Amino acid sequence: MKERQVMKKLYGVVTAMVTPFNEDETVRVEAIRQHVDFLIEKGINCLYPLGTTGEMMLMNNEERKLVAETVVKQCDHRIPVFIHVGAMKTKDACELARHACEIGADGIGAVSPAFYGATDVSIYEYYAAISKSVPEDFPIYLYNIPQCSSNDLPVAVADKLAREFKNIIGIKYSFADMCRTLEYQKVNDGNFSVLHGCDKLINALMAMGCDGVVSGVSSVYPEIFVATYQACMRGDWDEARKQQRLANDVCDILKGGASMGHFKEAMKLRGIDAGYVRGPLHNLTQDEILEMKKQLAAIGLQ
């Protein structure tokens, strides 16, 4: 396990990576390697594999470890890699957290407990267990996506966790509630990193003081999101609005994360064969693929 002195943070455009699969649902390792290089070449700031976009809940632990190892090795410290380790069982999340640390990832994220109703106490205990499973200088991001997990992560719980565990340093929030986003920024007296998962609001999020966006659509068209972020950082808001409008058009065409099949078919247009989604997710029909291509061509993207 490598020695860590300063905990890294997520920032800028963080790509929530797809997980390429073969038709028989085995992991397509070479496509992952290609995707890592593609994203880095296009200027992405950080990589975030095995989250919602990565179909993590449809994979077993060994498959998730394979993907994590492939991404970390291919990235080779060029940019930060944070592995998503959230799982239905706390035991599995802790196992994946330890593995991410052991293989040299820069940090982890973990979605809040899913499906079953979770109390504030059970959410706290889940994250406390993950925190204790890794060194206190190994950074952890909470991940709140209540529309998918069915359990909201209250600000008070996030604050309690951040104050008690040094390695819990931030949150990815993926519900478009800007007031709640501001509340998260107050956690731990403001010493808390906040990134958002709303690809369509990069301009607003950066103006609010977020550290960046965790974007699934940037798996396919990273340069548009990088251009939007960089324009915000320069204070060139006219250019930022222009790029954001293009990003939003792409989000609409690719269904904004509601259809991983759109992501994977669009990635083929970029030269990366990401293969198929796992059932029960939907692989696109030929008619759907043709319609997607038509819509992308209409906004100047081939």
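The opening position of the sequence shown corresponds to residue 1279 in my numbering, with each subsequent residue numbered one higher.
All C-beta atoms, glycine included, are put in the ideal place defined by N, C-alpha and C.
Fair warning: this is a prediction, and the values are worked out from it, not measured in the lab.
Excluding the 5 residues preceding and the 5 following residue 1556 in the sequence, name in chain order all residues of the same chain whose CB lies nearer than 7 Å to its CB. The residues are 1299, 1303, 1333, 1336.
Give the single residue among 1453, 1447, 1479 whose Cα lies nearest to the Cα of residue 1465. Residue 1447 is the option with its Cα nearest to residue 1465.
Counting beta carbon pairs with one atom in the segment 1393 to 1400 and one in the segment 1349 to 1359, are three or more of them shorter than 8 Å? At 8 Å Cβ cutoff, the stretches do not touch.
Pick helix, strand or coil for residue 1365, following the three-state DSSP scheme. It is coil, neither helix nor strand.
Touch test, the segment 1378 to 1388 against the segment 1418 to 1426, Cβ-Cβ under 8 Å, three pairs minimum: Contact between the segment 1378 to 1388 and the segment 1418 to 1426 is established, with three or more Cβ pairs separated by less than 8 Å.
Taking the alpha helix (DSSP H) that residue 1459 falls in, what are its first and last residues? For residue 1459, the enclosing alpha helix (DSSP H) begins and ends at 1456 to 1462.
Check this for me: beta carbons of residue 1489 and residue 1472, under 8 Å apart or not? Yes, they are a contact pair.
Taking Cβ positions, are residue 1475 and residue 1541 nearer each other than 8 Å? The answer is no: Cβ separation not under 8 Å.
Just the C-alpha distance for residue 1547 and residue 1580, rounded to the nearest angstrom, thanks. If you take the alpha carbons of residue 1547 and residue 1580, they lie about 7 Å apart.
Return the first residue and the last residue of the alpha helix (DSSP H) that residue 1472 is part of. Per DSSP, residue 1472 belongs to no alpha helix (DSSP H); it is in the beta strand (DSSP E), 1471 to 1474.
Skipping 5 residues on each side, what residues in its chain have a beta carbon closer than 8 Å to that of residue 1309? Closer than 8 Å at the Cβ level, and outside the excluded window around residue 1309, lie 1298, 1550, 1551, 1552, 1553.
Please classify residue 1284: does DSSP put it in a helix, a strand, or coil? DSSP places residue 1284 in the coil class of the three-state scheme, outside both helix and strand.
Collapsed DSSP secondary structure at residue 1420 in the structure displayed: In this structure, residue 1420 counts as strand in the three-state DSSP scheme.
Is the CB-CB distance between residue 1570 and residue 1544 below 8 Å? Contact: yes.
Bridge-paired residues (DSSP) for residue 1293: DSSP, once it has assigned bridges, lists 1325, 1493 as partnering residue 1293.
Starting from the Cα of residue 1407, find the closest Cα among 1324, 1372, 1317 and give me that residue. Of 1324, 1372, 1317, the residue nearest in Cα terms is 1372.
Which runs of the alpha helix (DSSP H), 4 residues or longer, sit entirely within the segment 1492 to 1568? Listed in chain order, the complete alpha helix (DSSP H) runs (minimum 4 residues) inside the segment 1492 to 1568 are 1500 to 1512, 1515 to 1531, 1538 to 1547.
I believe residue 1492 touches residue 1326 by the beta-carbon criterion, under 8 Å. Please report the beta-carbon distance rounded to the nearest angstrom. Confirmed, about 6 Å.
Counting beta carbon pairs with one atom in the segment 1560 to 1579 and one in the segment 1503 to 1523, are three or more of them shorter than 8 Å? The segment 1503 to 1523 is not in contact with the segment 1560 to 1579.
Those residues which DSSP pairs with residue 1310 across a bridge: DSSP output for residue 1310 lists no bridge partner at all.
Does DSSP classify residue 1394 as helix, strand or coil? In this structure, residue 1394 counts as coil in the three-state DSSP scheme.
Mind the definition here: the segment 1525 to 1532 touches the segment 1364 to 1371 only if three or more C-beta pairs lie below 8 Å; say whether that holds. No: the two stretches stay apart, fewer than three of their Cβ pairs being nearer than 8 Å.
Does the beta-carbon distance from residue 1375 to residue 1435 come in below 8 Å? Taking the C-beta atoms as reference points, residue 1435 is found no nearer than 8 Å to residue 1375.
Mark residue 1383 as exposed unless 16 or more other C-beta atoms lie within 10 angstroms of its C-beta, in which case mark it buried. Buried.
Sorted by chain position, which residues of the same chain lie with C-beta nearer than 6 Å to residue 1469's C-beta, five sequence neighbours on each side aside? Within the same chain, residue 1469 has no close Cβ partners at all.
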